[in-house]
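Same order as they appear, the protein sequences are chains H and Y.
Counted the way the numbering used here counts, the first sequence spans residues 62 to 391.
Counted the way the numbering used here counts, the second sequence spans residues 62 to 391.
Contents: one structure, followed by commentary.
2 protein chains.
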Amino acid sequence: MSLNGTGAGDGFLAVDSGGSGLRVVIGVPGRGTTAPRTSRVPVRTGPRGIDPGHLMEQLVPLVRALEPEAGVSRLGTAVVGAAGMATLGDALRAELPTALEREFGVRTVALVADAVTAYTGALGPRPGAVVAAGTGLVAIGTDLTSWRRADGWGHLLGDCGGGAWIGRAGLEAALRAHDGRPGGSAALLARAEESFGPVRELPGRLYPRADRPAVLASFAPRVADCAESDPVARGILREAARHMADSAAAVCPAEGQAHVSLTGGLFRMGAALLVPLEEELERRLPHARRVPAAGGPLDGSVQIATELAHNALDLPHDEAMLYVVTPKRG
Amino acid sequence: MSLNGTGAGDGFLAVDSGGSGLRVVIGVPGRGTTAPRTSRVPVRTGPRGIDPGHLMEQLVPLVRALEPEAGVSRLGTAVVGAAGMATLGDALRAELPTALEREFGVRTVALVADAVTAYTGALGPRPGAVVAAGTGLVAIGTDLTSWRRADGWGHLLGDCGGGAWIGRAGLEAALRAHDGRPGGSAALLARAEESFGPVRELPGRLYPRADRPAVLASFAPRVADCAESDPVARGILREAARHMADSAAAVCPAEGQAHVSLTGGLFRMGAALLVPLEEELERRLPHARRVPAAGGPLDGSVQIATELAHNALDLPHDEAMLYVVTPKRG
Chain H
62 MSLNGTGAGD GFLAVDSGGS GLRVVIGVPG RGTTAPRTSR VPVRTGPRGI
112 DPGHLMEQLV PLVRALEPEA GVSRLGTAVV GAAGMATLGD ALRAELPTAL
162 EREFGVRTVA LVADAVTAYT GALGPRPGAV VAAGTGLVAI GTDLTSWRRA
212 DGWGHLLGDC GGGAWIGRAG LEAALRAHDG RPGGSAALLA RAEESFGPVR
262 ELPGRLYPRA DRPAVLASFA PRVADCAESD PVARGILREA ARHMADSAAA
312 VCPAEGQAHV SLTGGLFRMG AALLVPLEEE LERRLPHARR VPAAGGPLDG
362 SVQIATELAH NALDLPHDEA MLYVVTPKRG
Chain Y
62 MSLNGTGAGD GFLAVDSGGS GLRVVIGVPG RGTTAPRTSR VPVRTGPRGI
112 DPGHLMEQLV PLVRALEPEA GVSRLGTAVV GAAGMATLGD ALRAELPTAL
162 EREFGVRTVA LVADAVTAYT GALGPRPGAV VAAGTGLVAI GTDLTSWRRA
212 DGWGHLLGDC GGGAWIGRAG LEAALRAHDG RPGGSAALLA RAEESFGPVR
262 ELPGRLYPRA DRPAVLASFA PRVADCAESD PVARGILREA ARHMADSAAA
312 VCPAEGQAHV SLTGGLFRMG AALLVPLEEE LERRLPHARR VPAAGGPLDG
362 SVQIATELAH NALDLPHDEA MLYVVTPKRG
């Protein structure tokens with residue numbers, strides 16, 4: 062148990078629901094949180110969008126397991142950050158507050174786009190822009206009056222510069238080399254055959270899979286590996302950096318103090334991506350101050366829960382991005 | 062019945078199997094063919110590639126229905142052109158010749174990549190290059206000694222310049238305009254909302270579908286509609302034309318007489334695509350003579366069947382592209 066002290070405080074529940082499953086903590090404002098409990102099953106998306114029943118199915122046992130170690134008497138506040146909340150969150154907004162009240166007695170609920178929890182985890186309640194990149198890519202910014210969002214449209218419509226985008230571009234360059242078309246890279250062709258076997262078989266291996274974006278993104282680190290010696294790979298990462306800076310610039314407040322931060326697993330690719338990205342951000346957003354991300358999306362959920370428990374949420378409310386349901390005064 | 066005359070000639074079976082189903086004719090060399098019979102069910106692709114059992118299931122009733130009107134006593138030759146033959150045709154090559162012999166008494170079988178039937182239908186046994194474009198895109202060329210193929214890798218790995226590629230690029234430009242990122246087009250955004258409703262809902266409409274490439278390709282004509290007045294749309298079609306010319310140049314014989322032809326539904330988009338494409342082909346392949354496609358892939362299957370029946374196939378054999386099984390002498 063990682064909460065300071067014991068006793069019957071009023072706790073909160075903070076959740077991060079993403080492509081690799083759920084992460085949940087219980088905390089008490091000012092006294093920290095438990096260690097996270099995780100479920101590796103991603104919440105299903107059905108015809109009605111993100112499935113609130115499936116989320117609750119996974120959440121209940123995690124919370125029941127956390128309650129004894131948290132030692133709180135009740136959970137007054139719950140913050141659920143979820144991938145797809147903005148576009149696929151209608152059923153969650155309609156049903157989750159009631160379900161959380163019934164199951165845990167929760168009274169104040171915030172349903173938050175994962176981009177907003179990523180922002181809050183990285184920068185907290187400061188104006189600026191955050192680029193969150195893993196398999197996909199989204200930029201989110203705020204002047205503390207409203208949220209702006211750029212990209213995050215998924216691997217077929219955008220996510221320009223994200224892991225699937227970089228991996229896809231790398232594989233396209235490999236196949237150009239195979240075919241003798243311009244823009245090919247023999248180095249990337251060799252890496253592609255190391256990773257996936259003969260390229261003639263690649264379509265048969267990729268298309269039947271349900272996790273195509275993740276398969277594409279798995280090739281992104283190979284593009285970075287080639288960047289030092291291969292101009293095509295270097296060009297792909299430069300273009301990815303340009304797309305990221307375009308998205309950051311589209312959401313960053315143009316005036317006043319602004320902070321820019323990067324968060325998400327893609328940035329573990331290191332200098333091959335970060336060096337061109339710093340250059341492109343400097344060019345596009347010279348007024349913004351670059352700061353390292355303070356934490357991840359679960360930290361963002363915890364921070365929003367803490368502020369809500371104190372009735373002091375400084376971040377803008379927005380039905381799609383940060384939807385807060387408070388108890389009816391009666 | 063469209064065969065000239067009647068009687069007990071030695072007939073052939075010609076098949077085109079693609080994304081929209083099967084098309085089948087029976088013919089007699091020198092006497093034409095029946096009208097095509099079609100099945101609207103595309104042949105399944107499973108873990109073993111294209112499923113020979115599913116193809117036969119659909120083929121048998123079509124052939125049984127054609128036989129009376131064709132009035133042939135036996136089917137000596139069968140040519141099956143199929144999408145995916147080169148990469149997903151192992152089970153077909155292993156099982157289809159035996160199945161066709163057992164069911165119809167066929168002795169000579171050719172299993173042909175759809176790119177080769179498209180080539181043959183367009184140019185016949187002449188050296189050159191054919192760009193075949195619909196939802197996808199492949200270029201195929203021959204010097205009559207061997208086949209060369211470029212692109213045709215599907216919507217995530219290539220098919221650069223094809224229908225899904227153009228539609229995807231158009232939707233990306235629409236979403237750039239929505240987000241305020243560079244490279245956006247307000248005209249394409251308006252068309253996207255006309256076609257698909259509010260763009261916030263587009264990911265939820267597109268990603269759950271099994272026919273995502275076709276959905277993307279359905280937007281390609283809207284890009285063409287905007288090209289006259291919108292520079293972003295015009296730029297997308299210019300880049301598509303450049304990709305097509307790159308693929309054509311990668312497969313066209315560099316020396317000697319060469320013909321270049323375009324085939325497939327994408328070219329119905331008209332001048333918005335064809336004008337830049339003619340310019341790019343002229344630039345990349347000045348030595349090649351542009352000729353209109355004589356026919357489609359089913360015509361290519363018929364032509365290969367006719368030549369095989371005459372023991373006079375002038376096109377190069379190739380296990381992946383044009384695989385001919387003839388009766389064992391013994």
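Glycine included, each C-beta is placed from N, C-alpha and C at the ideal position.
Cutoff 8 Å: residue i Cβ touching any chain Y Cβ
i                       : result
alanine 174 (chain H)   : no
threonine 203 (chain H) : no
proline 377 (chain H)   : no
serine 81 (chain H)     : no
tyrosine 384 (chain H)  : no
glycine 72 (chain H)    : no
Any C-beta of chain H under 8 Å from that of residue i
i                       : result
glycine 197 (chain Y)   : no
glutamate 380 (chain Y) : no
leucine 346 (chain Y)   : no
serine 78 (chain Y)     : no
leucine 149 (chain Y)   : yes
arginine 273 (chain Y)  : yes
glutamate 110 (chain Y) : A quick correction: the sequence has glycine, not glutamate, at residue 110 (chain Y). Yes, its Cβ sits closer than 8 Å to a Cβ of chain H.
Range covered by the beta strand (DSSP E) that runs through residue i
i                       : result
aspartate 175 (chain H) : Element bounds for aspartate 175 (chain H): not the beta strand (DSSP E) but the alpha helix (DSSP H), 175 to 184.
Residue j beta carbon less than 8 Å from that of residue i
i                          : j                           : result
isoleucine 111 (chain H)   : alanine 75 (chain H)        : no
arginine 98 (chain H)      : leucine 127 (chain H)       : yes
valine 37 (chain H)        : leucine 346 (chain H)       : No answer is possible for residue 37 (chain H): it lies beyond the span of chain H, which begins at 62 and ends at 391.
histidine 304 (chain H)    : glycine 222 (chain H)       : yes
glycine 244 (chain Y)      : phenylalanine 280 (chain Y) : no
alanine 225 (chain H)      : glycine 265 (chain H)       : no
alanine 294 (chain Y)      : serine 256 (chain Y)        : no
phenylalanine 73 (chain Y) : threonine 159 (chain Y)     : no
serine 100 (chain Y)       : leucine 123 (chain Y)       : yes
threonine 181 (chain Y)    : leucine 376 (chain Y)       : yes
serine 308 (chain H)       : arginine 261 (chain Y)      : no
leucine 249 (chain Y)      : valine 192 (chain Y)        : no
proline 353 (chain Y)      : threonine 178 (chain Y)     : no
arginine 176 (chain Y)     : glycine 213 (chain Y)       : In the sequence as displayed, the identity of residue 176 (chain Y) is alanine instead of arginine. A contact, by the Cβ cut-off of 8 Å.
proline 188 (chain Y)      : proline 337 (chain Y)       : no
Where the alpha helix (DSSP H) containing residue i begins and where it ends
i                           : result
valine 121 (chain H)        : 113 to 131
phenylalanine 257 (chain Y) : 247 to 257
valine 276 (chain H)        : 273 to 278
cysteine 287 (chain Y)      : 281 to 287
glycine 361 (chain H)       : 358 to 370
aspartate 307 (chain H)     : 292 to 312
arginine 242 (chain H)      : From DSSP, arginine 242 (chain H) is part of no alpha helix (DSSP H); its letter is neither H nor E.
arginine 261 (chain Y)      : No alpha helix (DSSP H) holds arginine 261 (chain Y); DSSP gives it neither H nor E.
alanine 332 (chain Y)       : 332 to 345
DSSP bridge partner residues for residue i (one or two, in chain order)
i                       : result
glycine 110 (chain H)   : H:Gly107
tyrosine 268 (chain H)  : Looking at the DSSP assignment, tyrosine 268 (chain H) forms no beta bridge with any residue, so it has no partner.
histidine 320 (chain H) : H:Gly189, H:Arg350
threonine 138 (chain Y) : Y:Phe73, Y:Thr169
arginine 210 (chain H)  : H:Ile201
aspartate 379 (chain Y) : Y:Leu383
valine 393 (chain H)    : The question about residue 393 (chain H) has no answer, for chain H in this structure spans 62 to 391.
alanine 234 (chain Y)   : For alanine 234 (chain Y), which the question treats as bridged, DSSP gives no partner whatsoever.
alanine 143 (chain Y)   : Y:Ser78, Y:Ala174
alanine 194 (chain Y)   : Y:Leu198
Exercise. Select from the stretch 205 to 216 of chain Y all residues with a C-beta closer than 7 Å to any C-beta belonging to chain H, and list them in chain order.
Key: Ala211, Asp212, Trp214, Gly215
Quiz item: Going along the stretch 241 to 270 of chain H in order, which residues come within less than 9 Å of chain Y, judged by CB to CB distance?
Solution: Gly241, Arg242, Pro243, Gly244, Val260, Arg261, Glu262, Leu263, Pro264, Gly265, Leu267, Tyr268, Pro269
Quiz item: Given a limit of 7 Å on CB to CB distance, which residues of the stretch 300 to 311 of chain Y reach chain H?
Solution: Asp307, Ser308, Ala311
Practice problem: Output, in sequence order along the chain, the residues in the stretch 216 to 237 of chain Y whose CB is closer than 7 Å to any CB in chain H. | Solution: Leu217, Leu218, Gly219, Arg229, Leu232, Glu233, Leu236
Quiz item: Along the stretch 150 to 167 of chain H, what residues have a CB closer than 9 Å to any CB found in chain Y?
Solution: none
Exercise. Would you list, in chain order, the members of the stretch 275 to 287 of chain Y that have their beta-carbon closer than 8 Å to a beta-carbon of chain H?
Key: Leu277
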